[in-house]
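Read the structure below first, then the notes.
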Amino acid sequence: MSKEDSSPEIVRLLQQLNKSIEFVNAKLDNLIDLQESLTQILSPSKKPSYEGLPLDVATLLSLPDHLRKTALALTEVSEATATDISMKTGRVRAAESDYLNQLVTKGYVRKKRKGHDVYFFVEAK
Amino acid sequence: MTKTIALHSYKGGTGKTSVSANLAALYASRGHDVCLFDYDFRAPSLQVLFKTKIRNTLNDFLEERCEINDALHDVSEKYQTKGHLYIGFASSSTDSMREMMAKDRKWEMKALHRTLSAKNELCNDGRADFVIFDTSPGVSYSSINALAASDFVILVSKMDEFDMEGTKEIVRGIYQSLGRKTGLLLNRIPTEQFPLGAGQKELEEYMSKLFNLPFLGIIPCYCDIQASGGKYLFAVEQPKHPFSQALSEVIDRMEKLLRTV
Numbered sequence: 004m005s006k007e008d009s010s011p012e013i014v015r016l017l018q019q020l021n022k023s024i025e026f027v028n029a030k031l032d033n034l035i036d037l038q039e040s041l042t043q044i045l046s047p048s049k050k051p052s053y054e055g056l057p058l059d060v061a062t063l064l065s066l067p068d069h070l071r072k073t074a075l076a077l078t079e080v081s082e083a084t085a086t087d088i089s090m091k092t093g094r095v096r097a098a099e100s101d102y103l104n105q106l107v108t109k110g111y112v113r114k115k116r117k118g119h120d121v122y123f124f125v126e127a128k
Numbered sequence: 073m074t075k076t077i078a079l080h081s082y083k084g085g086t087g088k089t090s091v092s093a094n095l096a097a098l099y100a101s102r103g104h105d106v107c108l109f110d111y112d113f114r115a116p117s118l119q120v121l122f123k124t125k126i127r128n129t130l131n132d133f134l135e136e137r138c139e140i141n142d143a144l145h146d147v148s149e150k151y152q153t154k155g156h157l158y159i160g161f162a163s164s165s166t167d168s169m170r171e172m173m174a175k176d177r178k179w180e181m182k183a184l185h186r187t188l189s190a191k192n193e194l195c196n197d198g199r200a201d202f203v204i205f206d207t208s209p210g211v212s213y214s215s216i217n218a219l220a221a222s223d224f225v226i227l228v229s230k231m232d233e234f235d236m237e238g239t240k241e242i243v244r245g246i247y248q249s250l251g252r253k254t255g256l257l258l259n260r261i262p263t264e265q266f267p268l269g270a271g272q273k274e275l276e277e278y279m280s281k282l283f284n285l286p287f288l289g290i291i292p293c294y295c296d297i298q299a300s301g302g303k304y305l306f307a308v309e310q311p312k313h314p315f316s317q318a319l320s321e322v323i324d325r326m327e328k329l330l331r332t333v
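As given, the protein sequences belong to chains A and B, one line each in that order. Quick note, the first sequence lines up with residues 4 to 128 if you use the working numbering. Quick note, the second sequence lines up with residues 73 to 333 if you use the working numbering.
Structure follows, in structure tokens:
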């Protein structure tokens, strides 16, 4: 196969790979949600993950660098998916999904599901 | 696309308010639409310079008593600038200043979101080419909220040791932590001690290396500006004044840096 012939095939394979990664990411988000629900059922005494801690600038400055970058990007928008944040930070979606969920666990960020997508947001009210 | 610039310093008395007001006026004179916000809620001073009837303040906006457009005051006609020059004033009543001191972290988080939404609104409706924040010195919530909402920080410093040591620390601890691009501006430089001219390039290189920041300029200490007590907007009232000329050069130097933010 010549170089010219192989280019469209490579593009097609990359698109297919991208779709597969998106599918896996969606499944991983579902698993994280399920795990949190199960934790609530099995340990009802445990506080819900969101404690409503303020994500003010002093908190932002105290976060480790990798979480601060994610938190700052989220602060600049009203709500965002991990993909939206990865486009702002230039880091991969999987890493941003992990960092956003860490911020949820720490109680600074909340999340909600809209169809297939998980949206993260800071409750400023 | 709207560019947001914050002027900040480690210590007070570096001339941030003078520089920010004149910078805003210069941009407006060049035909840009500019919003200048007084985010020095501990010691507001833009009302002294612009002397206009204030309807709503930025305090009202942050407290959700009005929208951002209600807190903007158009002074373009007064100064006959080509572009619009809008000013957002901080309340100068002692009650308001005391109230701002007593705010908790949740309120400050809300203030950050209000600040960011104001910036986005001004950007989206195309009302401003530049949003400029004049901040209070050192580390205060309102200043860091303004820095977090900005694309670029002008760090204003004098040449004294106290100022420079603290300045190095806030560069590392705040600007770099927030990932904000920063440029250094030396202001109120006594030319008897630091003669400009032939030695200026060496001084610029030394300071730029010391702070590891791009250099925006050196503005000497002008007695007539000190004597005016903040009554005049030199950039539009005396455009040939060396202070106005020096600020004009600062804008030219910043242009290249702003393209990358």
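All C-beta atoms, glycine included, are put in the ideal place defined by N, C-alpha and C.
Taking C-alpha positions only, A/K22 is separated from A/V14 by approximately 12 angstroms.
Taken atom to atom, the span from the alpha-carbon of B/G198 to that of B/L157 is near 14 angstroms. Under a 10 Å Cβ-count criterion, A/D59 is classified as buried, with 16 or more other Cβ atoms of the shown protein chains found around its own Cβ. Its chain contains K253 as the residues whose beta carbon lies nearer than 8 angstroms to that of B/T332, once the 5 sequence neighbours on both sides are disregarded; these appear in chain order. In the DSSP annotation of this structure, B/K312 is not part of any alpha helix (DSSP H), being labelled neither H nor E. At a cut-off of 8 angstroms between beta-carbon atoms, A/T78 makes contact with chain B. For B/I242, no Cβ of chain A is located within less than 8 angstroms of the residue's own Cβ. Annotation for B/H80: the continuous beta strand (DSSP E) segment containing it runs K75 to H80. Linking A/I44 to A/Q38 through their CA atoms gives a straight-line distance of about 10 angstroms. In the displayed model, B/V333 falls within coil according to three-state DSSP, outside both helix and strand. For chain A, the residues of the stretch 156 to 182 of chain B that bring a beta carbon within less than 7 angstroms of one of its beta carbons are R177, K178, E180, M181 and K182, in chain order. Assignment of B/F122 by DSSP, reduced to helix, strand and coil, places it in the helix class. Around the Cβ of A/A29, a 10 Å sphere holds fewer than 16 other Cβ atoms; the residue is exposed. Secondary structure of B/F234 (DSSP, three-state): helix. In the DSSP assignment, the residues bridged to B/V228 are B/L257. Excluding the 5 residues flanking it on each side, B/L194 has same chain C-beta neighbours closer than 8 angstroms at T74, C107, I140, A200 and V203, in chain order. For the 8 angstroms CB-CB criterion, B/T239 and B/L227 form a contact.
Residue contact with chain A for B/N217: present (Cβ-Cβ distance below 8 angstroms to some residue of chain A).
Between B/A299 and B/A97, the gap from beta carbon to beta carbon reaches 8 angstroms or more. In this structure, the alpha-carbon of B/Y151 lies about 30 angstroms from that of B/A220. Two segments are said to touch when three or more pairs of C-beta atoms, one from each, lie closer than 8 angstroms; by this definition the stretch 95 to 105 of chain A touches the stretch 68 to 87 of chain A. Of the residues B/K154, B/D223, B/A174 and B/Q248, the one whose Cα lies closest to the Cα of B/S212 is B/A174. In the three-state scheme derived from DSSP, where H, G and I count as helix and E and B as strand, B/R186 is classed as helix.
Taking all protein chains shown into account, A/P11 has fewer than 16 neighbouring C-beta atoms within 10 Å of its C-beta and is therefore exposed. Of all residues in the stretch 197 to 231 of chain B, those with a C-beta nearer than 7 angstroms to a C-beta of chain A are Y213, I216, N217 and A220, reading in chain order. By the CB criterion at 8 angstroms, B/G160 and B/F109 fall inside the cutoff. Taking C-beta atoms as the reference points, B/N131 and B/L184 fail to come closer than 8 angstroms.
Within 8 angstroms of the CB of B/L188, the CB atoms of chain A belong to T78 and E79, in sequence order along the chain. Relative to the Cα of B/S229, the nearest Cα in the group B/I290, B/E135 and B/E277 belongs to B/I290. Here DSSP, grouped into helix, strand and coil, assigns B/F161 to coil. Here B/F287 really is in contact with B/E276; their C-beta atoms are around 5 angstroms apart, less than 8 angstroms. Closest option to B/F234, judged by alpha-carbon separation, among B/T76, B/L144 and B/S81: B/S81.
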